[in-house]
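Student: Take a look at this one; I'll ask things after.
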Amino acid sequence: MSKEDVLKSNINSDLLRPVFKTGIGWYITVAISGSLLLAAMGAFGYQLYSGIGVWGLNRPVMWAFDITNFVFWIGISHAGTLISAILRVTGAEWRRPVTRCAEAITVFALMIGAMFPIVHLGRPYLFYWLAPYPNSRGLWPNYRSPLLWDFFAINTYLLGSLIYLYLPLIPDLALVRDKAKGLRHKIYSIASLGWRGTQVQWSRLEKAVGVMAVIIIPVAVSVHTIVSWDFAMTIRPMWHSTIFGPYFVAGAIFSGIAALIMAMAVIRKVFHLEAYLKPIHFNNLGLLLLTMSLLWFYFTFAEYLTSYYGNERVEKAVFQSKISGAYAPLFWAMVVCCFVIPMPILAIKKLRTISGTVAASALIVVGMWLERFLIIVPTLSQPALPFNWGSYRPTWVEITLTAGTFGYFVLLYAVFTKLFPIVAVWEFKEGLTLADHAGSVAEPQRLVAHGD
Amino acid sequence: MEEKVESKKPQWAMVIDLDRCTGCEACVVACHAENNIRIAGEGPAAGGRSVNWIRVERYYEGEYPDIRVKFMPVMCQHCEEAPCEPVCPVYATYHTDEGLNGQVYNRCVGTRYCANNCPYTVRFFNFLDPVWPEPLSKSLNPEVSVRYRGVMEKCTFCIQRIRKGEDKAKDEGREIRDGDVNPACVQSCTARAMTFGNIADPTSEVARLSKSGRASRLMEELGTKPRVTYLSRGD
Amino acid sequence: MPNRVHAIFDSVPKALAAQAELLREGFERKAITLLSNEPIHQSEEAGGSRSHIGSFAILGGILGATSAVLLTVITTKRVGVVTGGMPIVSPWAFGIIAFELTMLGAILFSLACMLYESGLGRRGALKNYDSSVSEGKIVIFADCSSDLLVEKAERVLGKG
Amino acid sequence: MKRREFIVLTGVGAASTTLLSGCGNPENALIPALIPDDTYTPGIDYWKASTCALCSAGCGILVRTRERAANKIEGNPLHPVNKGALCARGQAGLQVLYNPDRVKGPMKRSGERGSGQFESISWDEAAKILVDRLADIRAKNGQASVAFSLGNTSNVNRIAAEHFMSSFGSERFISAPVSSDHDDLLFNGTGQRAVFDIANATYLLSFGARFLETWQSPVMYSLAYGEFRRGKNRRRGKFVMIEPRMSTTAANADEWLPAAIGTEGLLALAIAQVIIREKLTPNPVSPNVANGTLDEFAPEKTEADINLPAEKIVRIAREFAASERPLAIAGGAAALGDGESIRAVHFLNKLVGNLNMPGGVFEVEQFDPLAKLGTGKPIKWAPLSEKDGYEGGGSALLIHGMNPVFHSPQMTDRINAFQFIVSFSPFIDETTQLADLILPDHSYLESWDIQAATAHHTVWHADLRALQPTPTPYAAIASPAISPEFDTKQTADVLIDVSRQLGQPLPFESSEECVRKAVSEVRRAFGQAAEISDEDWKSLLESGVMTGDSKPSGSTSGLESAKAGDQPLAISTGEPKPSNDAYPFFVLAYEHAALGYGDHANLPWLQELPDPLTSVLWGSWVEINPKTAASLHIEDGDLVEVKTADGSLRLPAVLFPAIRPDVIAMPYGQGHTAYGQYAKGRGVNPATIAGPYWDAKKRFGVRASVAKAAGEAKLVRFGTSLPEKIDTPR
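Below, the structure written as structure tokens:
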């Protein structure tokens, strides 16, 4: 980290600028993403009014875009917390400008992903029947159902991620509190819980963040494993697979990093944070992405090879529909998006630039959405008894809902950058200080700066 | 680990003789009439929304001119180890003491998970509200609830007829016996291909037939232990 | 009511030096508070008391796991679902719920412990504060139990 | 409101108010009129016996009613035809009763003829219009200018119509020209019926007879088929079906032989030739063949025409002759021509000596006590297709149970030529659209009727330790299962009323009285007292069936005279072939198993019932062999145009692996331009290109071309489109 680029005195103004100054671009972004969200809400309203039949679902394809979006967004959510937690636990110093960005992705993606199990219900207004609460109707959830595991896992993860986002945010909230006036000052005063910056507070904060980082990693792994078990626990062809847990977790981290890279690139550009989010971050994340791409390919290959080699009638039907049948165009698009193009871009150092990694990430996000779709729909459309094979075509309602999730995500992110510094100010400063010390005082294990 | 508790109640089961079945589909309409199954209409039917609790599957074997056709009526197999049951998050689908896979429509929130985990694809979802133009609604069976949108439904083995048969036997102070209960499909079957009864009673016809050399169960290898036994064609 | 003396420093070394001097002057560790907008790892103040966050996380985890077992097994047996004799308690499946609630317990307890130990979220938490901390200044508060200490503090901190 | 009604209202009303409060008018929410008030309990099922009217087999049914609504139809276990079973069509009868498109009351035309505009009138007004117009037309143009067209209808209505026409002085009865009726062709129209003992046969050779779906009495034969397959005390029978397109019946066969279309008779003679030349039967009589000797029909010589390998024919012949109780049945395309094919097939039965033998074919004499209720004069049926007599304008047509405009669109002009058209149809079908007056009949579930016939079963006689033929005369009484849903009136009662107004009252005052009189006749025939006690009458209405003693007639005269030997079989080799280049295919239009020839297209349950073989619902389709389709670049689901000399149709193609490559097949049933929301505007009507269904002579020989057409096809399926192989339970 070359401190020449950043003057400590400028950090506050640089990083708090987006919070206090609003450009026209921000309003445009909010308007566009907000209207997407409104359209999706309209579509959902229509769905509530008419019934879920306004979707393209049918027998046998009872899940499609809904659960695809669910798995996709839960996957994206792994960007964050998991990456930030792993980097924190391993003490990767270059993480400092990245963590908040990633943690915010987690919370928002998780909020969006967690909506779908509710949105997709035949009777969405009864979603709370999944919660164990005392009632007089004899209702009680069935803990054996993977959906209940989802319910507990996602709630734990959402709560944990929120806390994990919030804890390191407290000192920065205090910072904004001190700069703000009037009502804003009051709100931030409450939000910052009276943070003063005593050394006890700092020490407890760092301790708590450390503990939280350790806890959140297994939770994140469990969440996506459980999401994968929604499928793997069934006895459906190409769902009933033991590697689904790690396969999904790897895919989740894969798409999560890709989303993070894209988010970082946008923030860097829009808020002129070139001095904070530097090529080195993209390079490092690009290398991580490369690893995940290889890992994803390995898992995919292993998964499909076993189906192919097993040559079991029911599995083979699904396998062939993906490789050479109705779903082949989507399948090969997925392979191209997730591996064929990104892998060389990320592997060749010259191409691993900011624009290179962003391009690869964009493809990967698309490819991973397709992957989820291709896990869900081909299996469902080709049940064991071939007489019941079917097909699926989305309606405008599902497409609008899907587009709306992206709008919602952008909107949440835009609002977040408006309210909170998107780069952790104190962490960045701490990093600079530690780097300063690295020059004078020996504290090497705390200063492993990757690639710097 | 808990062990399964054996029930002393009748255990309902069905035997379908594929050698007798002609594929006439009388059972399908009988089921529609008895169980208030919706008329989907052309558009929804084209979108895969038609509902047939029992269907006659057709499979071709061979090439022209040496081609043969297999008909196979498939309804809920009422598995003893039903894959649909554990995945329901709200116990809307459950196992009864009589070995039926029950479905409580009012509990169902509509996750459709049970349908996705059913290897026999016999579960049907109510994507939209049913339409019963007047006076067609008068033909609805008052003993069977009409399912509205958002809930899963499937074959019940005509639970309402089972209850009636059991009540009658109880009134007469005797055990249930063959012929007391016949689901609508079995009742209508034009070639008498279907037999229904209490498989726990070793003297019943279903118990006898299910031990036949021609007997097998659909996708037994999955370990679902279906309560529907098929008797194969041929000698 | 003890007197409180506070001073504002421009740089960390100066503040640390002042802190060290105060300690030498006989101030208790607890009586000196360093306020900064980034953690000062060299400060000895933090080491003054041991944190229980880790222990609380473990405690929370244990409580979470226990409540999960109670919630799943007991309620499932109590609610009286008709299962036709099929077993209803599933250790494997319930283990997953237990894991999640263990983690939830750990998260909540460590958060609560952290908030408690660092005195956040209390009324009047901002009583002794100087917003110049946000500008990158280091602020030292010294609690003086006696006038003598006030004098000492003012002398030492007057340098800042 | 009468006092008694008021008591009923307060009594039953109190009990059922909560149940029925949502049903509007409390009087309408009351109980079926036919159930005595004192025996009625809400929440209890009442079963009423009736007779199914959805095909001519006449299965006995029981209707389950509760709270003034019928909610299920089941087979009547006491009825000797269906013994409690009931087919898909019969189950759907509820939707005839509760069809939303039923005519709600009498109507007269208010717009142009054919515009479909009608206005409601009262029954009094309707009767007055009918009386005035008929009297007027008779006065101007004579008695013969009034014609009555009667299709499939109840006996009570038929008897009333007979008397009505007789009292009116007209003998002009018009029927559908059913030239392809099996028994008429076999017995030269002398009235006997043949019953096939499939249950006890050991080898069944069906030449196109779809006895499991539509042919004659499908439920009766399905029950027999079940026994044929897996009956007690017997070995599994073998079933071979000869048919150019595999029907559901053929799908059940052990062997399907796609002989060339129209070569059924040829094949039967080839089989006969093998049996005779190899002396496989103790009585090898040779048939009287019109064109040359039997040897010319040797499989080796005819195999090219039949388009089956000679070895296969020889093998089938040997198996057939060697079997213990072989049986041959002819139907479907075998009815092509003047019945030669049917008689040739029947000759096989004679050859193996199974006439009136268990497992063979039985001649059944009609049990017809109802004849005494008629006018005594035999009805002279004239086919509507005959031209004479309909021109000239000043004529009236009363039409009941027929829809000629739909079944034979070519006849529309001739129907339209009638000055006054009265329809008794409960639905506004294509013909009723042309009517000047609509006097809607009850649905069959609201009507009185009685049917009498002889049921023939061959059962195992424990004492004799042998199979014993038991022809059982029976009568089935249908009483209204439920009070009329709409302001309709049974046609018999309308005719009684009109005749009374014309001053020539009918011999009975209501349909119920007609049935009571018929019951007396039946009882007399059964050797019982003609008078029936109230108690017996009540239980008769509940059971619905009276049976007489079974006594085998032993007569084989009809069957014997029907033997091919008596009448030369005008079957020649070398025909037919689709040699025409412009129309390279035969088009086989067949009866839809559920929708029939289109009369049930208004029943949504049947519309939504997947075709057993193609799984198509809610529409028409044309079946093409995949190889043929490939050569024409037609893919499954494509829109294709089928052209014959008479016209063309556009409909979706279904690649069907079990059809001859030179045949394309499509079902009748769809293509309605009226007939309610479920039937109208759906699919195509093959009658426009292949002729009306009753014209068997024509429709099994129609040649057609098929080509891909531009446009989007609407093809709805329940199951998968392409045939799939699967490990099913064996």
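Residue numbers (the working numbering), protein chains in the order written: chain A, -12 to 439; chain B, 7 to 241; chain C, 1045 to 1204; chain D, 21 to 750. Here a beta-carbon is modelled for each residue, glycine too, at the ideal position from N, C-alpha and C.
#1: For a contact defined as C-beta to C-beta under 7 Å, what are the partners of Gly184/A on chain C?
#2: Which residues, taken in chain order from the stretch 1133 to 1152 of chain C, show a beta carbon closer than 7 Å to some beta carbon of chain A?
#3: Using 8 Å as the limit for Cβ to Cβ distance, is Thr221/A near chain B?
#4: Suppose the cutoff is 6 Å on Cβ atoms and the five residues either side in sequence are ignored; what does the same chain contact list for Ser187/D look like?
#5: Any Cβ of chain A within less than 8 Å of the Cβ of Tyr111/B?
#6: Can you pull the chain D residues whose beta carbon is under 7 Å from the beta carbon of His101/B, in chain order?
#7: Under the assumption that Val93/B contacts Ser132/A (Cβ atoms under 8 Å), give the Cβ distance between them as a whole number of angstroms.
#8: To the nearest angstrom, report how far apart Gly711/D and Tyr688/D are at their CA atoms.
#9: How would you write the range of the alpha helix (DSSP H) that Leu247/A sits in, first residue to last?
#10: Given Ser41/D, which residues of its chain have a CB within under 7 Å of its CB, disregarding the five upstream and five downstream residues?
#11: Express the C-alpha separation of Ser165/D and Phe440/D in angstroms, rounding to a whole number.
#12: First and last residue of the beta strand (DSSP E) that includes Ile1076/C?
#13: Cα separation between His101/B and Leu1152/C?
#14: Among Leu156/A, Val206/A and Ala167/A, which one has its Cα closest to the Cα of Trp182/A?
#15: Does the contact criterion of 3 or more C-beta pairs under 8 Å hold for the stretch 199 to 214 of chain B versus the stretch 1117 to 1135 of chain C?
#16: So is Pro1241/C buried or exposed if we call it buried at 16+ other beta carbons inside 10 Å?
#17: Between the stretch 195 to 228 of chain B and chain E, which residues of the former have a C-beta closer than 9 Å to a C-beta of the latter?
#18: DSSP three-state call for Lys103/D: helix, strand or coil?
#19: So, does the stretch 219 to 239 of chain B touch the stretch 83 to 90 of chain B, judging by three or more C-beta pairs under 8 Å?
#20: Hey, would you say Phe133/B sits closer than 8 Å to Glu159/B, going by beta carbons?
#21: Cβ atoms of Ala279/D and Leu328/D: under 8 Å apart, would you say?
#22: Looking at Ser467/D and Ser174/D, is the spacing between their C-beta atoms short of 8 Å?
#23: Taking the continuous alpha helix (DSSP H) assigned at Asp204/D, which residues delimit it?
#24: Anything in the stretch 96 to 125 of chain A with a Cβ closer than 7 Å to a Cβ of chain B? List those residues in chain order, please.
#25: Figure out for me which residue from Val542/D, Ala501/D, Asp201/D and Gln111/D has the closest Cα to the Cα of Arg86/D.
#26: Nearest-angstrom Cα distance between Leu35/A and Leu113/A?
#27: From Ile248/A to Thr86/A, what distance separates their C-alpha atoms?
#28: Pull up the distance between the alpha-carbon of Gln137/D and that of Met185/D, whole angstroms please.
#29: Which runs of the alpha helix (DSSP H), 4 residues or longer, sit entirely within the stretch 78 to 162 of chain B?
#30: In this structure, what does DSSP give as the bridge partners for Ala348/D?
#31: Tell me where the alpha helix (DSSP H) around Tyr494/D begins and ends.
#32: Counting only beta-carbon atoms, is Tyr118/D nearer than 8 Å to chain B?
#33: Starting from Glu661/D, follow the beta strand (DSSP E) in both directions and report where the run begins and ends.
#34: Pick out whichever of Ile1084/C, Glu1195/C, Phe1138/C and Lys1074/C has its Cα sitting closest to the Cα of Leu419/A.
#35: Using a Cβ-Cβ distance under 8 Å, would Arg64/B count as near chain A?
#36: Applying the 10 Å Cβ sphere with the 16-neighbour rule, what's the burial state of Gln1063/C?
Tutor: If we stick to the structure as given:
#1: Against the first sequence, residue 184/A aligns to sequence position 197. In chain order: Leu1079, Ser1080, Asn1081 and Val1177.
#2: Within the stretch 1133 to 1152 of chain C, those residues whose Cβ lies closer than 7 Å to any Cβ of chain A are, in chain order, Ser1134, Ala1137, Phe1138, Ile1140, Ile1141, Phe1143, Glu1144, Leu1145, Met1147, Leu1148, Ala1150 and Ile1151.
#3: Indexing the first sequence from 1 puts residue 221/A at position 234. Yes, because at least one Cβ of chain B sits closer than 8 Å to the Cβ of Thr221/A.
#4: Taking the first residue of the fourth sequence as position 1, residue 187/D is located at position 167. By the criterion of a C-beta distance shorter than 6 Å, Ser187/D is surrounded in its chain by Ser519 and Gln524, once the five residues flanking it on both sides are discounted.
#5: Position 105 of the second sequence, counted from the first residue, corresponds to residue 111/B. With a threshold of 8 Å between beta carbons, Tyr111/B makes no contact with chain A.
#6: Locating residue 101/B in the second sequence gives position 95, where the first residue counts as 1. Neighbours of His101/B on chain D: none; closest Cβ ~24 Å, over 7 Å.
#7: What you label residue 93/B is simply residue 87 of the second sequence in a count that begins at 1. What you label residue 132/A is simply residue 145 of the first sequence in a count that begins at 1. Contact check for Val93/B and Ser132/A: beta-carbon distance about 5 Å, within the 8 Å limit, so the pair qualifies.
#8: Along the fourth sequence, one-based indexing puts residue 711/D at 691. Along the fourth sequence, one-based indexing puts residue 688/D at 668. Approximately 11 Å between the Cα atoms of the pair.
#9: Numbered from 1 along the first sequence, position 260 holds the residue referred to as residue 247/A. From DSSP, the alpha helix (DSSP H) with Leu247/A extends over Phe231 to Val257.
#10: Within the fourth sequence, residue 41/D is the residue found at index 21, counting from 1. Legend: pLDDT at Ser41/D = 39, less than 50; position of this residue unreliable, value from coordinates given subsequently. Excluding residues within five positions, none has a Cβ falling inside 7 Å.
#11: Mapped onto the fourth sequence, residue 440/D falls at position 420. Mapped onto the fourth sequence, residue 165/D falls at position 145. Between Phe440/D and Ser165/D, the C-alpha separation is close to 10 Å.
#12: Residue mapping note: residue 1076/C aligns to position 32 of the third sequence, counting from 1. Taken as a continuous stretch (DSSP letters only), the beta strand (DSSP E) holding Ile1076/C covers Ile1076 to Leu1079.
#13: By one-based count along the second sequence, residue 101/B stands at place 95. By one-based count along the third sequence, residue 1152/C stands at place 108. Their backbone Cα atoms lie some 38 Å apart in a straight line.
#14: Looking up residue 182/A in the first sequence gives position 195. Ranking Leu156/A, Val206/A and Ala167/A by Cα distance to Trp182/A puts Leu156/A first.
#15: No: fewer than three Cβ pairs fall under 8 Å.
#16: Outside the modelled stretch of chain C, which goes from 1045 to 1204, sits residue 1241/C, for which no answer is possible.
#17: You won't find chain E in this structure, because its protein chains are A, B, C and D.
#18: Residue mapping note: residue 103/D aligns to position 83 of the fourth sequence, counting from 1. Lys103/D: coil per DSSP, three-state reduction.
#19: Here the stretch 219 to 239 of chain B lies against the stretch 83 to 90 of chain B, with 3 or more beta-carbon pairs under 8 Å apart.
#20: The residue you call residue 133/B lines up with position 127 of the second sequence. The residue you call residue 159/B lines up with position 153 of the second sequence. No. Outside cutoff.
#21: The sequence position of residue 328/D within the fourth sequence is 308, counting from 1. The sequence position of residue 279/D within the fourth sequence is 259, counting from 1. Going by C-beta atoms, Leu328/D is nearer than 8 Å to Ala279/D.
#22: Walking along the fourth sequence from the start, residue 174/D turns up at place 154. Walking along the fourth sequence from the start, residue 467/D turns up at place 447. Yes, these two residues count as a Cβ contact at 8 Å.
#23: Start at 1 with the first residue of the fourth sequence, and residue 204/D comes out as number 184. Taken as a continuous stretch (DSSP letters only), the alpha helix (DSSP H) holding Asp204/D covers His202 to Leu206.
#24: Residues are counted here when their Cβ sits less than 7 Å from a Cβ of chain B; for the stretch 96 to 125 of chain A these are Leu108, Gly109, Arg110, Leu113, Phe114, Trp116 and Leu117, given in chain order.
#25: Position 66 of the fourth sequence, counting from 1, holds the residue named residue 86/D. Measuring C-alpha to C-alpha distances from Arg86/D to each of Val542/D, Ala501/D, Asp201/D and Gln111/D identifies Ala501/D as the nearest.
#26: Locating residue 35/A in the first sequence gives position 48, counting from the first residue. Locating residue 113/A in the first sequence gives position 126, counting from the first residue. Approximately 12 Å between the Cα atoms of the pair.
#27: For the purposes of this step, residue 248/A is taken as the residue at position 261 of the first sequence. For the purposes of this step, residue 86/A is taken as the residue at position 99 of the first sequence. Approximately 12 Å, taken between the alpha carbons.
#28: Working through the fourth sequence from its first residue, we reach residue 137/D at position 117. Working through the fourth sequence from its first residue, we reach residue 185/D at position 165. If you take the alpha carbons of Gln137/D and Met185/D, they lie about 29 Å apart.
#29: If we require 4 residues or more, the alpha helix (DSSP H) runs fully inside the stretch 78 to 162 of chain B come out as 90 to 93 and 119 to 122.
#30: Residue numbering aside, residue 348/D sits at position 328 when the fourth sequence is read from its first letter. For Ala348/D, which the question treats as bridged, DSSP gives the partners Leu225/D.
#31: As a first step, residue 494/D must be located in the fourth sequence, where it is residue number 474. Note, Tyr494/D: premise wrong, no alpha helix (DSSP H); beta strand (DSSP E) at Ala486 to Ala498.
#32: As a working mapping, residue 118/D is identified with position 98 in the fourth sequence. Using a CB distance cut-off of 8 Å, Tyr118/D counts as an interface residue toward chain B.
#33: Within the fourth sequence, residue 661/D is the residue found at index 641, counting from 1. It spans Leu659 to Thr664 - the beta strand (DSSP E) in which Glu661/D sits, taken as one unbroken run.
#34: Along the first sequence, read from residue 1 onward, the residue named residue 419/A stands at position 432. Taking only the C-alpha atoms, the option nearest Leu419/A is Ile1084/C.
#35: The sequence position of residue 64/B within the second sequence is 58, counting from 1. Under the 8 Å criterion on CB atoms, Arg64/B is classed as interfacial with respect to chain A.
#36: Here residue 1063/C corresponds to residue number 19 of the third sequence, with the count starting at 1. Buried, since its Cβ has 16 or more Cβ neighbours within 10 Å.
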